[in-house]
Amino acid sequence: MKTFPVLASALLACALPVFAEVVELKDGRTIDLKDDGTYEIIASEVPSGDAYVAFQESFFTHHTSEYKQKSVRFMPVYRNVGEKKIVGMKFTASFQNSFGEEIVQFKGDSDEQVQPGSTSTHKLFYVLEDNPFIAGETYDKLLPLVTNKSGRIEVKPIMIALEGGEIINLTQ
Numbered sequence: 001m002k003t004f005p006v007l008a009s010a011l012l013a014c015a016l017p018v019f020a021e022v023v024e025l026k027d028g029r030t031i032d033l034k035d036d037g038t039y040e041i042i043a044s045e046v047p048s049g050d051a052y053v054a055f056q057e058s059f060f061t062h063h064t065s066e067y068k069q070k071s072v073r074f075m076p077v078y079r080n081v082g083e084k085k086i087v088g089m090k091f092t093a094s095f096q097n098s099f100g101e102e103i104v105q106f107k108g109d110s111d112e113q114v115q116p117g118s119t120s121t122h123k124l125f126y127v128l129e130d131n132p133f134i135a136g137e138t139y140d141k142l143l144p145l146v147t148n149k150s151g152r153i154e155v156k157p158i159m160i161a162l163e164g165g166e167i168i169n170l171t172q
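Structure representation (structure tokens):
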């Protein structure tokens with residue numbers, strides 16, 4: 001009777017190295033943890049936006065019209081680093097002050113077609129107008145950032161539409 005637990009323990013000890021531990025991270029990647037302490041990335045569920053676009057300095061400026069209407073104009077500028085033409089992109093932009101605190105989060109999209117290796121333009125942009133009768137709106141929050149050229153804008157792609165109808169969802 002005593003030989004059964006000893007034999008079972010010996011077989012279990014020999015079988016443990018066969019079962020490599022596979023872990024799925026919160027960002028969707030699957031990692032194989034090896035017995036020698038190394039690891040291997042097996043799969044990535046969520047594609048990376050870096051494989052398709054590289055963001056450059058955004059178009060972000062203050063404007064006063066001929067009728068004295070004030071506005072902030074914004075559009076992210078990006079380079080297509082992929083192999084297919086980009087026909088559209090949805091994005092989020094986080095406007096942060098000098099301390100890294102988020103002042104405004106903005107969701108938008110760009111329907112500009114950008115060839116591989118080319119950079120988008122800002123011919124079309126978002127206009128955030130000042131309403132002088134209501135304080136604390138988006139224009140009022142962004143005015144110090146655009147006027148003082150301070151803080152930063154962190155842009156992240158959400159979805160990318162490629163030529164041929166392929167849609168890359170970067171948030172799954």
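In UniProt numbering, the protein residues as written are 1 to 172.
Virtual Cβ for every residue (Gly too), placed ideally from N, Cα, C.
Would you report the Cα separation of Met159 and Thr147, rounded to the nearest angstrom?
About 31 Å.
Are the stretch 31 to 43 and the stretch 128 to 145 in contact at 8 Å, needing three or more beta carbon pairs?
No, they do not touch.
Would you mind stating whether Phe99 and Val155 have Cβ atoms separated by less than 8 Å?
Not a contact, by the Cβ cut-off of 8 Å.
Per DSSP, the bridge partner or partners of Ala161:
By DSSP's assignment, Ala161 forms a beta bridge with Gly88 and Ile167.
How many whole angstroms separate the CB atoms of Lys85 and Leu162, which I take to be in contact at a CB cut-off of 8 Å?
Yes, they are in contact, since the Cβ atoms of Lys85 and Leu162 sit about 7 Å apart, within 8 Å.
Please work out which residues of its chain come closer than 8 Å, Cβ to Cβ, to Gly164, disregarding the five sequence neighbours upstream and downstream, and give them in chain order.
For Gly164, where only same-chain residues beyond five positions count, the Cβ hits under 8 Å are Lys84.
From which residue to which residue does the alpha helix (DSSP H) around Lys141 run?
Here the alpha helix (DSSP H) through Lys141 covers Thr138 to Asn148.
For Gly108, which three-state DSSP category applies?
Under the three-state reduction of DSSP, Gly108 is assigned to strand.
Member of Gln113, Leu142, Gly117 and Gly136 whose CA lies at the smallest distance from the CA of Tyr126
For the residues Gln113, Leu142, Gly117 and Gly136, the minimum Cα distance to Tyr126 belongs to Leu142.
Go through its chain and collect everything with a Cβ distance to Pro17's Cβ below 6 Å, but skip five positions before and after it.
Only weak support is given to the placement of Pro17: the predicted model assigns it a pLDDT of 48, under 50, and the value that follows is read from those uncertain coordinates. Excluding five sequence positions before and after Pro17, the CB atoms of its chain that fall closer than 6 Å to its own CB belong to Asp35, given in chain order.
List the whole-angstrom C-beta distance separating Gln56 from Thr119, where the pair is believed to meet the contact cut-off of C-beta under 8 Å.
The Cβ separation is near 7 Å, so the contact holds.
Do you know offhand how far Gln115's Cα is from Asn80's?
In a straight line, the C-alpha of Gln115 is about 7 Å away from that of Asn80.
Are there 16 or more other CB atoms within 10 angstroms of the CB of Ser150, so buried, or fewer, so exposed?
Classification for Ser150: exposed.
Determine the closest residue to Ala54 out of Ser71, Phe60, Tyr39 and Gly82, with distance taken between C-alpha atoms.
The residue with the shortest Cα to Cα distance from Ala54 is Gly82.
Residue span of the beta strand (DSSP E) that contains Phe60, given as start and end
For Phe60, the enclosing beta strand (DSSP E) begins and ends at Phe59 to Thr64.
In whole angstroms, what separates the C-alpha of Thr61 from that of Val23?
Cα to Cα, Thr61 sits roughly 46 Å from Val23.
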